Amino acid sequence: MTSALLPTYARAPLSFERGEGAWLVASDGERYLDFGAGIAVNALGHAHPHLVAALTEQAGKLWHTSNLFEIPEGERLGRRLVDATFADVAFFANSGAEANEAAIKMARKYHAAGGHPERYRIVTFEGAFHGRTLATIAAGGQAKYIEGFGPKVEGFDQVPPCDVAALEAAIGPETAALMIEPIQGEGGLRVIPHEELRRLRALCDERGLLLIMDEVQTGVGRTGKLFAHEWSGIAPDIMSAAKGIGGGFPLGVCLATREAARGMTAGTHGTTFGGNPLAMAVGNAVLDVVLADGFLEHVRRTGLLLKQKLAALRDRFPDVIEAVRGEGLMLGLKCAVSNTAFVAAARAARLLVIPAGDNVVRLLPPLIITEADVSEAVERLETTAAGLSPAALRRAAE
Ligand SMILES: *Cc1c(COP(=O)(O)O)cnc(C)c1O
Numbered sequence: 001m002t003s004a005l006l007p008t009y010a011r012a013p014l015s016f017e018r019g020e021g022a023w024l025v026a027s028d029g030e031r032y033l034d035f036g037a038g039i040a041v042n043a044l045g046h047a048h049p050h051l052v053a054a055l056t057e058q059a060g061k062l063w064h065t066s067n068l069f070e071i072p073e074g075e076r077l078g079r080r081l082v083d084a085t086f087a088d089v090a091f092f093a094n095s096g097a098e099a100n101e102a103a104i105k106m107a108r109k110y111h112a113a114g115g116h117p118e119r120y121r122i123v124t125f126e127g128a129f130h131g132r133t134l135a136t137i138a139a140g141g142q143a144k145y146i147e148g149f150g151p152k153v154e155g156f157d158q159v160p161p162c163d164v165a166a167l168e169a170a171i172g173p174e175t176a177a178l179m180i181e182p183i184q185g186e187g188g189l190r191v192i193p194h195e196e197l198r199r200l201r202a203l204c205d206e207r208g209l210l211l212i213m214d215e216v217q218t219g220v221g222r223t224g225k226l227f228a229h230e231w232s233g234i235a236p237d238i239m240s241a242a243k244g245i246g247g248g249f250p251l252g253v254c255l256a257t258r259e260a261a262r263g264m265t266a267g268t269h270g271t272t273f274g275g276n277p278l279a280m281a282v283g284n285a286v287l288d289v290v291l292a293d294g295f296l297e298h299v300r301r302t303g304l305l306l307k308q309k310l311a312a313l314r315d316r317f318p319d320v321i322e323a324v325r326g327e328g329l330m331l332g333l334k335c336a337v338s339n340t341a342f343v344a345a346a347r348a349a350r351l352l353v354i355p356a357g358d359n360v361v362r363l364l365p366p367l368i369i370t371e372a373d374v375s376e377a378v379e380r381l382e383t384t385a386a387g388l389s390p391a392a393l394r395r396a397a398e
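This is how it looks when you write it as structure tokens:
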């Protein structure tokens, strides 16, 4: 039977009934080790007892009142995020793209409020992904997402990452901000070096530009710091986060310094659902766990272990895996074979991983994985690689 759903997704022929920790149980009862975590969303795995308790408790009290009223759970989550980061203020949305829309509008409004409405252009990096709304596809600059959807939203200029000359040339009197992912996720786990981030911060300061960090995928502990930019010792002016922040509940946030947010006065921006009590209760519960003593240390330790084991796997199967990239539990395998073939073969070995640009396979496990989960995943990756390796297949045929 044909599906009643708009066919915009190329879905795997597989669905799940329940999950527990890093494991998913398919409709046919098969167990899958989940190293995709719903694209870095299920940061605490599936059915985490603390999140289930927070959600069900709030569900019995109040779901939604709208932003016409104060929302104490949101005040609390905003305060906690502000206390844990560079930011002074938070705006809650429902997705990464919406958090980025808020960031883009805020950067433009900052200059307009300062008497420079002509400064509205934003420089982004090639290979970027910032979402699928009209403005964020223009920001991402990828033709495959832009073409056929009418005039491209004006005001985005793109340069290759780490190209000083191109960046200098792209910045003009109309430039408002620079918008970057500290590690490109969809783009293929391309890490922007810490030195480069520091250079970009200095450049923004010099030119009066705002630095926007899109931490939708890298944030909320994914790299072993609460936010990935912390590794470089610099801070953005505006930052978006989403994916992991609701642990599976749709939630995004745009965080900013008070200065960067100076234009965003009452009535300038809004969303009906953003920051509702249900989302805020879950967001607070996620933070309870991520901010607990030792949690980020656990991410760093298991991330390092996984990376070492992946490097060993690359050494054994160089005709399948060219390189290992990424930080913490945001790791990528640059493939010598087709990355989608790799993902399908891993799925056959009951391991879920995710393709990315640049022929990369992404490993984005729940941050709560154990060392045993790491070993299990690497065994399944070994089966996957052995099944795809031309050399291994030749040896087996002899
Ligand atoms: C996923 C992602 C987005 C878009 O988030 P949605 O919730 O799908 O709108 C934006 N930026 C980055 C870096 C992402 O990884």
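Its first residue numbered 1, the sequence shown is counted upward by one per residue in the numbering used here. Every residue, glycine too, gets a C-beta built ideally from N, C-alpha and C. What you are looking at is a predicted structure, and each value in this text was computed from that prediction instead of being measured.
Are the Cβ atoms of residue i and residue j separated by less than 8 angstroms?
{"i": "ASP214", "j": "ILE180", "result": "yes"}
{"i": "CYS335", "j": "VAL361", "result": "yes"}
{"i": "ALA99", "j": "ALA242", "result": "yes"}
{"i": "HIS399", "j": "ALA279", "result": "Coverage of the chain is limited to positions 1 through 398, which leaves residue 399 absent and any answer about it impossible."}
{"i": "GLY36", "j": "ILE368", "result": "no"}
{"i": "ILE238", "j": "LEU210", "result": "yes"}
{"i": "LEU351", "j": "LEU393", "result": "no"}
{"i": "PRO366", "j": "LEU44", "result": "yes"}
{"i": "LEU388", "j": "VAL343", "result": "no"}
{"i": "PRO318", "j": "ASN339", "result": "no"}
{"i": "THR65", "j": "ARG119", "result": "no"}
{"i": "TRP23", "j": "LEU14", "result": "no"}
{"i": "THR133", "j": "LEU255", "result": "no"}
Do you know how far the Cα of residue j is from the Cα of residue i?
{"i": "PHE188", "j": "HIS116", "result": "In the sequence as displayed, the identity of residue 188 is Gly instead of Phe. Each residue's Cα considered, the two are about 36 angstroms apart."}
{"i": "HIS111", "j": "ALA97", "result": "22 angstroms"}
{"i": "HIS130", "j": "TYR145", "result": "11 angstroms"}
{"i": "ALA177", "j": "LYS105", "result": "11 angstroms"}
{"i": "ALA202", "j": "ALA93", "result": "30 angstroms"}
{"i": "ALA87", "j": "GLU73", "result": "18 angstroms"}
{"i": "GLY185", "j": "VAL220", "result": "14 angstroms"}
{"i": "ALA113", "j": "ALA107", "result": "10 angstroms"}
{"i": "ARG301", "j": "ALA349", "result": "25 angstroms"}
{"i": "LEU287", "j": "ARG76", "result": "11 angstroms"}
{"i": "ALA235", "j": "THR257", "result": "10 angstroms"}
{"i": "VAL159", "j": "LEU197", "result": "15 angstroms"}
{"i": "VAL89", "j": "GLY244", "result": "19 angstroms"}
At which residues does the alpha helix (DSSP H) containing residue i begin and terminate?
{"i": "PHE295", "result": "295-316"}
{"i": "GLY332", "result": "Not the alpha helix (DSSP H): GLY332 falls in the beta strand (DSSP E), residues 330-335."}
{"i": "CYS204", "result": "194-207"}
{"i": "GLN158", "result": "Looking at the DSSP string, GLN158 is not in any alpha helix (DSSP H); the run it does join, the beta strand (DSSP E), is 156-159."}
Quick one: give me the first and last residue of the beta strand (DSSP E) that residue i is part of.
{"i": "PRO355", "result": "354-356"}
{"i": "ILE180", "result": "175-180"}
{"i": "TYR145", "result": "From DSSP, TYR145 is part of no beta strand (DSSP E) but of the alpha helix (DSSP H) over 143-146."}
{"i": "PHE342", "result": "Segment 339-348 is the alpha helix (DSSP H) holding PHE342; no beta strand (DSSP E) there."}
{"i": "ASP214", "result": "210-214"}
{"i": "MET239", "result": "238-241"}
{"i": "ASP34", "result": "31-34"}
Per the contact definition of three or more C-beta pairs closer than 8 angstroms, is the region 129-141 in contact with the region 260-268?
-> no
Any contact of the region 150-165 with the region 243-250, i.e. 3+ C-beta pairs under 8 angstroms?
-> no
Indicate whether the contact test is met: 3 or more Cβ pairs, each with one atom in the region 322-335 and one in the region 300-312, closer than 8 angstroms.
-> yes
Given 8 angstroms, three or more beta-carbon pairs between the region 2-20 and the region 221-237 = no
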